[in-house]
Amino acid sequence: MQSLNQGQEYHRAEEFSVSYRAWLMAGQGRMQAMSELGEQDVAFCIAESLKSEHAQFGKQLTEIVSDPLRRLSGGRETIKAGAILKQLGQQAVQVHQILRGHVFQLEFMREHRLLPSQECDAACKGHSGLLVCLPA
């Protein structure tokens, strides 16, 4: 995430938040696409990479939010931005748990040579995550 290095987090917090979500969705989309294509090794590598990059992002975001000079540098504008960044940090913690789950699931699928289910029954309508079909 380039914004972390540019020091614009408090000045453009809403834009930064949207950029984070877009980056995350792109990474998850790549992982999902590779998994759906049966490329479990590639999907696993993408998931591992995304998890590592996300962990690094979380560390940097924590440093930014914890830095009193950054918080106070923008005056009143940073109060709203600080709330946005704090909420983003809370979401990032939850997202990281989801990413860890994806890595575990893909690792399990890889080890047991499972492919994603191509069927979608009524129970999984609207589900966009990884769905595993275990052989009977």
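Each residue of the sequence shown is one higher than the one before, counting from 0 in numbering that gives the first Met the number 0. All residues carry an ideal CB built from backbone N, CA and C; glycine is no exception. Since this is a predicted model, take the numbers as computed values, not measurements.
Where do the ends of the alpha helix (DSSP H) carrying residue i lie?
i	result
Gly-37	Run containing Gly-37: none; DSSP gives neither H nor E here.
Pro-67	67 to 71
Gly-88	76 to 110
Hey, out of the options, whose CA is closest to residue i's CA?
i	options	result
Ala-25	Glu-38, Asp-40, Arg-112, Ile-45	Ile-45
Arg-112	Glu-62, Phe-43, Phe-56, Gln-89	Phe-43
Met-8	Leu-87, Glu-35, Gln-31	Checking the displayed sequence, the identity of residue 8 turns out to be Glu instead of Met. The option with the nearest alpha carbon to Glu-8 is Leu-87.
Arg-20	His-53, Ala-32, Asp-40, Met-33	His-53
Leu-68	Gly-81, His-95, Gly-57, Gln-96	Gly-81
Ala-91	Glu-110, Leu-105, Phe-56	Phe-56
Arg-109	Arg-29, Gly-28, Lys-79, Met-33	Met-33
His-10	Val-94, Gly-100, Ile-83	Ile-83
Among the residues of its own chain, which have a CB less than 6 Å from the CB of residue i, if the five just before and after it don't count?
i	result
Ser-65	none
His-114	Reading off the sequence shown, one finds Leu at residue 114, where the question assumed His. These residues qualify, in order along the chain: Gly-37.
Ala-107	For clarity, residue 107 is Phe in the given sequence; the question names Ala instead. Excluding residues within five positions, none has a Cβ falling inside 6 Å.
Lys-50	Leu-98, Val-102
Pro-134	Caution is warranted here: a pLDDT of 45 is assigned to Pro-134, below 50, making its placement in the model unreliable, and the coordinate value is therefore given only provisionally. The answer is none, since no qualifying residue turns up.
By Cβ distance below 8 Å, which residues in the same chain neighbour residue i in space, the five residues on each side in sequence not counted?
i	result
Asn-4	Because the pLDDT of Asn-4 is 48, which lies under 50, any placement of that residue in the model is unreliable, and the question is left without a value.
Thr-61	Gly-88
Excluding the five sequence neighbours on either side, which residues of its own chain have a C-beta within less than 7 Å of the C-beta of residue i, listed in chain order?
i	result
Gln-39	Leu-105, Met-108, Arg-109
Val-41	Met-33
Met-30	Ala-42, Ile-45, Ala-46, Leu-49, His-101
Glu-35	Pro-115
Segment contact, 8 Å Cβ cut-off, at least three pairs: the segment 67 to 78 with the segment 13 to 20: These segments do not touch.
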